[in-house]
Amino acid sequence: MEKKDYKINIIGAGLSGLTAAKVLENHGYYPEVYEASDAVGGRIRTDHVKGHNLDRGFQVLLSEYPKAKQYLDLKKLNLKSLKPGAVIFSKNKKRKIGDPLRDSSLLIPSLFSGIGTLGDKWKILKLNLELKKLSPEEIFGEKETTTMEFLKKKGFSEDIIRNFFRPFFSGIFLEPDLRTSSRMFRFVFKMFGEGEAVIPAGGMGEISNQLAKSLQHTKIHLNTPVEQVTDSKLILKDGSEIKTHFSIIASEASSLVSNLRNQQTEWKSCHCFYFTSKTSEIDGRIIGLIAEDSALINNIFYHSSLEESEVEEHLISVTIVKETELEIKQLEFRIRKELQEYCDIKVEELLKHYEIKKALPDINSLQYEIMPTETRLNNRIFLAGDQLLNGSQNAAILSGERAALGLIETLEGGAITAEITSEYR
Ligand SMILES: Cc1cc2nc3c(=O)[nH]c(=O)nc-3n(C[C@H](O)[C@H](O)[C@H](O)COP(=O)(O)OP(=O)(O)OC[C@H]3O[C@@H](n4cnc5c(N)ncnc54)[C@H](O)[C@@H]3O)c2cc1C
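Encoded structure:
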């Protein structure tokens with residue numbers, strides 16, 4: 180049986196599914212991808228509304244992610260770098276803090292921001308140096324605690340935790356209490372320290388589109404939700420059945436495979452609102468954080484700052500990571516009020532609101548690595564997706580790669596090939 184005759188089906192066209200397809204293609208296979216929604220990308224998609232690029236939730240790519248460097252052509256993504264720091268809004272105050280070693284324009288504002296002590300700045304520097312010497316694998320092999328515990332144990336002041344670490348990392352972990360594992364904190368801190376936070380000029384969706392466009396022998400079926408996966412077939416939502424030799428489930432597997440029914444993933448959610456605005460209250464490509472316990476807003480970002488030339492109308496995203504019972508209309512009202520009160524920002528039209536119920540997997544013991552064989556549910560079904568490891572693009576890509584390699588290893592190992600060949604006749 181030739182490699183291209185194997186029926187290898189991938190469920191989900193997010194980063195993990197697309198990477199799995201890429202790796203299978205690289206090894207001579209012709210996979211097919213079944214995607215429930217109307218486009219590729221999963222959580223990394225960009226909508227185009229009234230001339231603006233709206234990512235489905237504010238997110239950035241960290242240019243030092245090892246797997247992004249391996250599988251993406253970063254040069255072709257027309258990446259725009261964010262300044263390594265943040266503008267912190269708290270009652271009546273707007274202060275800038277950042278890494279002056281990498282952006283000298285942040286030296287003076289950081290020194291005079293009044294956020295944190297000299298000791299804090301020294302500890303940040305020391306942590307940077309410490310993490311430079313460790314690989315991601317080593318970091319994820321460390322004993323873990325919560326990020327908040329870790330910061331306190333390291334002796335960071337109450338002030339820098341409240342005004343910088345908590346708002347900044349809440350926006351990354353999508354939870355307000357920094358209960359996320361210290362492993363993730365240290366990994367992300369390392370990535371920030373060694374590279375840049377970037378966004379493609381055309382929006383984050385360009386990342387998924389680039390991966391999808393690089394596929395030569397993969398058929399992608401959009402608008403095709405899968406209902407069930409068995410060893411020999413996919414059952415689609417419309418009742419039709421697709422014969423399969425191997426499947427990679429690059430989405431939540433618990434609803435698709437009968438013996439995984441009670442192993443559901445817990446998810447962290449968030450809201451993201453996009454507004455237009457006549458002016459920009461933040462100079463340059465830098466994230467804005469609201470460091471107020473009573474505020475619902477976690478962060479804001481002017482996406483119009485990604486443009487190279489002057490814009491007629493600004494685009495601002497507003498992200499909420501705290502749980503809220505408010506109805507959307509009430510939430511919008513509250514956000515407008517908070518923007519005015521804490522940031523002196525008046526926004527105009529609400530272009531779009533996204534409520535992302537499954538934004539990041541809420542996992543207790545985070546991992547960096549998974550061996551190809553560990554992605555194997557059985558000889559025919561393999562698993563991928565960030566929920567296997569940690570909520571990041573790096574983990575999604577890595578998991579897709581490993582699932583494909585696990586499948587190839589099983590297939591080329593021999594025993595299964597003979598079994599399938601006889602079935603195929
Ligand atoms: C708001 C937000 C902010 C984030 N910020 C960052 C960040 O700054 N940095 C970072 O590294 N990561 C960030 N992430 C996480 C990152 O986006 C994810 O880790 C990554 O995109 C996950 O890719 P995936 O392939 O594992 O899953 P997904 O992207 O979820 O892909 C799964 C795909 O499977 C499809 N699917 C599901 N069920 C079925 C079915 N039954 N049949 C067919 N198809 C199905 C879905 O439609 C989807 O397309 C963020 C995520 C969000 C939502």
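In the numbering used here, the protein residues as written are 180 to 604.
Using N, Cα and C, we set each Cβ at its ideal position, and we do this for glycine too.
For G264, the uninterrupted beta strand (DSSP E) segment begins and ends at G264 to S269. Secondary structure at K322: coil, using DSSP grouped into helix, strand and coil. Counting the other Cβ atoms within 10 Å of the Cβ of R440 gives fewer than 16, which makes it exposed. Within the region 330–374, the runs of alpha helix (DSSP H) that reach at least 4 residues and sit entirely inside it are, in chain order, 345–352 and 361–373. Between the alpha carbons of N388 and L568 lies a gap of roughly 23 Å.
Burial is judged here by how many other beta carbons sit within 10 angstroms of a residue's own beta carbon; K333 has fewer than 16 and is exposed. S195: not part of any beta strand (DSSP E); member of the alpha helix (DSSP H) spanning L194 to N205, first to last residue. A distance of 8 Å or more separates the beta carbons of E323 and S349. Sixteen is the threshold: since fewer than 16 other Cβ atoms of the shown chains lie within 10 Å of the Cβ of Q509, the residue is exposed.
At least one heavy atom of ligand 1 falls within 7 Å of the beta-carbon of F237. When DSSP states are grouped into helix, strand and coil, L308 belongs to the helix group.
Here P404 is exposed, its C-beta having fewer than 16 other C-beta atoms within 10 Å. In this structure, G374 has its beta carbon at no less than 7 Å from each heavy atom of ligand 1. Counting every other CB atom within 10 Å of its CB across the protein chains shown gives M363 a total of 16 or more, marking it as buried. Taking every protein chain shown into account, the CB of Q572 has 16 or more other CB atoms within 10 angstroms, so this residue is buried.
Rounded to the nearest whole angstrom, the C-alpha separation of A582 and F452 is 35 Å. Straight across, the Cα-Cα distance linking K248 with S242 is about 7 Å. Residue pairing by DSSP places G570 in no beta bridge whatsoever.
The Cβ atoms of S336 and D278 lie no closer than 8 Å to each other. Of the other Cβ atoms in all chains shown, 16 or more fall within 10 Å of the Cβ of D234; this residue is therefore buried. Assigned with DSSP and collapsed to three states, T296 falls in coil, not helix or strand.
Apart from sequence neighbours up to five positions away, the residues of its chain that approach L584 with a beta-carbon distance below 7 Å are V202 and P551, ordered along the chain. Of the candidates I339, Q407 and F368, Q407 places its Cα closest to the Cα of N188. With contact defined as three or more Cβ pairs closer than 8 Å, the region 257–268 and the region 457–473 are in contact.
One thing to note: P263 has its Cβ within 8 Å of the Cβ of F371.
Apart from the 5 residues on each side of it in sequence, I524 sits with its Cβ closer than 8 Å to the Cβ of S456, E460, I479, I495 and L518 in its chain, given in chain order. With distances taken between CA atoms, T458 lies nearest to H493 out of N438, A380, H493 and H450.
Exclusion of Q443 from the 7 Å shell around ligand 1 follows from its C-beta lying no nearer than that to any non-hydrogen atom of the ligand. Residue side-chain check: A199 keeps its Cβ at 7 Å or more from all non-hydrogen atoms of ligand 1.
Contact check for I549 against S578 passes: the beta carbons are separated by less than 8 Å.
According to the DSSP assignment, F237 belongs to no alpha helix (DSSP H), since it is labelled neither H nor E.
Listed in chain order, the beta strand (DSSP E) runs fully inside the region 403–453 are 405–408, 412–415, 420–422 and 425–428, counting runs of at least 3 residues. A residue is called buried once 16 or more other Cβ atoms fall within 10 Å of its Cβ, and H424 is buried on that count. For A376, the three-state secondary structure derived from DSSP is strand.
Taking C-beta separations shorter than 7 Å and ignoring five residues to either side along the sequence, the partners of I466 in its chain run L261, A265, N478 and F480, following chain order.
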